[in-house]
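K.L.:
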Amino acid sequence: MSTGRRVTRLQLSHIKDTFPFMDLPAELRNDIYIHSIDFTTLERYFDAAYQTLITNKKIKNRQHHAPQRKTPTIFLINRQIFRESSYLLQKSFCVRFSHGLLKTGSIENVISVNLLRQVSSIEITDSGHPIIKGSILPQSWHGYMTLLSELGKILAEGHKLKELVIDFKDDRLKEHMTHCYEADYQCGFRDQMQKALESLRNVRGIGKVTLNGLNAQEAKELKSLMEKKPVNFMSLPLELRDMIYEHTMDISEISKPLTRGLIDYPHKTKDFPFPPLTTPNVLLLNKQISEEAIKVLRKKPVHITFTSKHNISDQAKLPSILAFVSRGSLKQVKTITITMESWEWVYNLENRLINILAASKHLQNFHFNFHDSLKSSFTKLSTQRYPDKQIHDSLKKLTKIRGLTQVTFSGDLPIVYTDALAQIMTSKPSIPDAKLPKLKAVTGEDKVVDITEEKEEEETSTTETQQEQP
Numbered sequence: 001m002s003t004g005r006r007v008t009r010l011q012l013s014h015i016k017d018t019f020p021f022m023d024l025p026a027e028l029r030n031d032i033y034i035h036s037i038d039f040t041t042l043e044r045y046f047d048a049a050y051q052t053l054i055t056n057k058k059i060k061n062r063q064h065h066a067p068q069r070k071t072p073t074i075f076l077i078n079r080q081i082f083r084e085s086s087y088l089l090q091k092s093f094c095v096r097f098s099h100g101l102l103k104t105g106s107i108e109n110v111i112s113v114n115l116l117r118q119v120s121s122i123e124i125t126d127s128g129h130p131i132i133k134g135s136i137l138p139q140s141w142h143g144y145m146t147l148l149s150e151l152g153k154i155l156a157e158g159h160k161l162k163e164l165v166i167d168f169k170d171d172r173l174k175e176h177m178t179h180c181y182e183a184d185y186q187c188g189f190r191d192q193m194q195k196a197l198e199s200l201r202n203v204r205g206i207g208k209v210t211l212n213g214l215n216a217q218e219a220k221e222l223k224s225l226m227e228k229k230p231v232n233f234m235s236l237p238l239e240l241r242d243m244i245y246e247h248t249m250d251i252s253e254i255s256k257p258l259t260r261g262l263i264d265y266p267h268k269t270k271d272f273p274f275p276p277l278t279t280p281n282v283l284l285l286n287k288q289i290s291e292e293a294i295k296v297l298r299k300k301p302v303h304i305t306f307t308s309k310h311n312i313s314d315q316a317k318l319p320s321i322l323a324f325v326s327r328g329s330l331k332q333v334k335t336i337t338i339t340m341e342s343w344e345w346v347y348n349l350e351n352r353l354i355n356i357l358a359a360s361k362h363l364q365n366f367h368f369n370f371h372d373s374l375k376s377s378f379t380k381l382s383t384q385r386y387p388d389k390q391i392h393d394s395l396k397k398l399t400k401i402r403g404l405t406q407v408t409f410s411g412d413l414p415i416v417y418t419d420a421l422a423q424i425m426t427s428k429p430s431i432p433d434a435k436l437p438k439l440k441a442v443t444g445e446d447k448v449v450d451i452t453e454e455k456e457e458e459e460t461s462t463t464e465t466q467q468e469q470p
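Counting from 1, one number per residue, gives the positions in the sequence shown under UniProt numbering.
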């Protein structure tokens, strides 16, 4: 009523009749929680299923009806009661399987996976019936093996177990776990039990593990593994974490989808099959891991190969490399090697790519390997120069990238051209263009000539003026 809401007399009478549960002492509330959560229903369900299985032969080949799973009402009242009862669940409750799973199928059919991860203790025994029981051997054995296999997978993803007990007293099982264990012949019981226990080898952090009825050596090893504290990733040495980062991401992989895509394009697909751009998961975990992984990413040399194995005659249709890698990733690169196996790939040296590399604060080493099958056609004629205007117009954009530590060129470009270009790219950005070396070309007569761009600049200026006019 203090909130200003209108309350009817009937509502007031209900409020007065409501028991003030939260006013009870905590010890008394805990007793109520204990009586409100009952796992014996699971045991009674399997007791009834076992009795039905051994008395009714017609249902042996049919799956048991799964019990109707309901969340205890005590968990649904409010947040505080849920936390108090959940804590008690983690502290003292035990789930017992004394018949395996029989014919119920998956463990999820009889109990919530989340609930199994919250309880403090789990017991798996054959106290309900011998695990190797002649009349229902297939159902009994398969039920136990399924229980062990699925339980290992569930607990490996997280749990709050303080104790795990696996206690098999069946003498026939012990015989297979001892006499057959070191034998050379095949034993289905031994092999299937080993396979079922294999999933438990991934579980860590259980306070106490008790294993009876299994092979002594295998039980000892399994107990040691399951009682070990789980290894936290951040507890690993930085050197080991760096090795993991190195295997989780590699920008050089972009050459593979580029090559694969060229096989299907343009004859088999209408549009080029660009792969989706995704961020490596290791960069999405948390801030510290992201920063450490990026440092490793910077150290890894990036190799981008533009293959000559394609059938694209129109250079304008060549896929852009920026469709395979994000700008943010390129800005983190320290060393990059670009290999162009055919000349038409120079069109990939577009302004967007150059601007990204020029703006990078981490790029230090640049290696460029260029191959041109048409070079001989230009060097045969005395009136031609190489690199020709088409190649030069793309390569000259590299002069925007300055302040690098090391720049190397290889392939078909003349040394007089690449030497000047390397000097420009390693020069400080503060040096004016007038003091930078001029790019030179080679004629068909092996003469070195300056590449003049006055006419080209004049034409560009005229074009820009015309575009500005209304």
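We treat Cβ as the ideally placed atom computed from N, Cα and C, and that holds for glycine. Predicted model only: the values in this text are computed from it and were never measured.
Taking the beta strand (DSSP E) that H367 falls in, what are its first and last residues?
P.N.:
Locating residue 367 in the sequence shown gives position 367, where the first residue counts as 1. Note, H367: beta strand (DSSP E), 365-370.
K.L.:
On the three-pair Cβ rule with 8 Å, is the stretch 243-251 touching the stretch 207-224?
P.N.:
They do not touch, by the three-pair rule.
K.L.:
What separation, rounded to the nearest whole angstrom, lies between the Cα atoms of F370 and I304?
P.N.:
Here residue 370 refers to the residue found at position 370 when the sequence shown is read from its first residue. Here residue 304 refers to the residue found at position 304 when the sequence shown is read from its first residue. Those two C-alpha atoms are separated by around 12 Å.
K.L.:
When you compare each of F366, S360, P319, S326 to I338 by their alpha carbons, which one comes out closest?
P.N.:
In the sequence shown, counting from the first residue as 1, residue 338 sits at position 338. Considering only alpha carbons, the answer is F366.
K.L.:
Considering only residues of the same chain and omitting the five flanking positions on each side of E456, which have a CB-CB separation below 7 Å?
P.N.:
Taking the sequence shown and counting its residues from 1, one reaches residue 456 at position 456. Bear in mind that the predicted position of E456 carries a pLDDT of just 45, short of 50, making it unreliable; the figure below should be weighed with that in mind. Answer for E456: no residue qualifies.
K.L.:
For the beta strand (DSSP E) holding R96, just list the boundary residues, first then last.
P.N.:
Counting from 1 along the sequence shown, the entry for residue 96 is found at position 96. Per DSSP, R96 belongs to the beta strand (DSSP E) from 94-97.
K.L.:
I believe D412 touches K375 by the beta-carbon criterion, under 8 Å. Please report the beta-carbon distance rounded to the nearest angstrom.
P.N.:
Here residue 412 corresponds to residue number 412 of the sequence shown, with the count starting at 1. Here residue 375 corresponds to residue number 375 of the sequence shown, with the count starting at 1. Between K375 and D412 the Cβ distance is about 5 Å, and since that is below 8 Å, they are a contact.
K.L.:
Can you look up V296 in the DSSP assignment and give me helix, strand or coil?
P.N.:
One-based indexing of the sequence shown puts residue 296 at position 296. Helix at V296.
K.L.:
Go ahead and label G328 buried or exposed: buried means 16 or more other beta carbons lie within 10 angstroms of its beta carbon, across all protein chains shown.
P.N.:
In the sequence shown, the residue the question calls residue 328 occupies position 328. With fewer than 16 other Cβ atoms within 10 Å, it is exposed.
K.L.:
With H362 and K400 assumed to form a contact (beta carbons below 8 Å), what rounded beta-carbon distance in angstroms separates them?
P.N.:
Against the sequence shown, residue 362 aligns to sequence position 362. Against the sequence shown, residue 400 aligns to sequence position 400. H362 to K400, Cβ: 17 Å. No contact.
K.L.:
Could you check whether the Cβ of S373 sits closer than 7 Å to any heavy atom belonging to the ligand FMN?
P.N.:
No copy of the ligand FMN occurs in the structure displayed, which carries no ligand at all.
K.L.:
Any idea which residues DSSP pairs V119 with across the strands?
P.N.:
To locate residue 119, count along the sequence shown from 1; it is residue 119. Beta-bridge pairing links V119 to no other residue.
K.L.:
Which residue spans inside the stretch 137-191 form an unbroken alpha helix (DSSP H) run of at least 4?
P.N.:
Runs of the alpha helix (DSSP H) inside the stretch 137-191: 137-156, 171-178.
K.L.:
Throw me the rounded Cβ distance for the L148 and A196 pair, which I believe falls under 8 Å.
P.N.:
Locating residue 148 in the sequence shown gives position 148, where the first residue counts as 1. Locating residue 196 in the sequence shown gives position 196, where the first residue counts as 1. 4 Å between Cβ atoms; contact.
K.L.:
Would you kindly work out how many angstroms separate the C-alpha atoms of S252 and I136, rounded to a whole number?
P.N.:
Working through the sequence shown from its first residue, we reach residue 252 at position 252. Working through the sequence shown from its first residue, we reach residue 136 at position 136. Rounded to whole angstroms, S252 to I136 spans 58 Å at the Cα level.
K.L.:
Helix, strand or coil: how does DSSP classify F21 here?
P.N.:
Locating residue 21 in the sequence shown gives position 21, counting from the first residue. Three-state DSSP puts F21 in a helix.
K.L.:
Near F272, which residues of its chain fall below 7 Å by C-beta distance, leaving aside the five closest residues on each side in sequence?
P.N.:
Within the sequence shown, the letter at position 272 stands for residue 272. G261, Y265, P319.
K.L.:
Is M425 closer than 8 Å to L439 when the C-beta atoms are compared?
P.N.:
Taking the first residue of the sequence shown as position 1, residue 439 is located at position 439. Taking the first residue of the sequence shown as position 1, residue 425 is located at position 425. No, the pair does not count as a contact, with Cβ atoms beyond the cut-off.
K.L.:
Rounded to the nearest angstrom, what separates K447 and V416 at their Cα positions?
P.N.:
Along the sequence shown, read from residue 1 onward, the residue named residue 447 stands at position 447. Along the sequence shown, read from residue 1 onward, the residue named residue 416 stands at position 416. Taking the straight line joining both Cα atoms gives about 11 Å.
K.L.:
Is it buried or exposed, Q469, if we count other Cβ atoms within 10 angstroms and call 16 or more buried?
P.N.:
Start at 1 with the first residue of the sequence shown, and residue 469 comes out as number 469. The predicted position of Q469 is uncertain, since its pLDDT is 37 and thus under 50; a value taken from the coordinates is nonetheless stated next. Exposed, because fewer than 16 other Cβ atoms sit within 10 Å of the Cβ of Q469.
K.L.:
Output the boundary residues of the alpha helix (DSSP H) element that contains S224.
P.N.:
Numbered from its first residue, the sequence shown carries residue 224 at position 224. Note, S224: alpha helix (DSSP H), 216-227.
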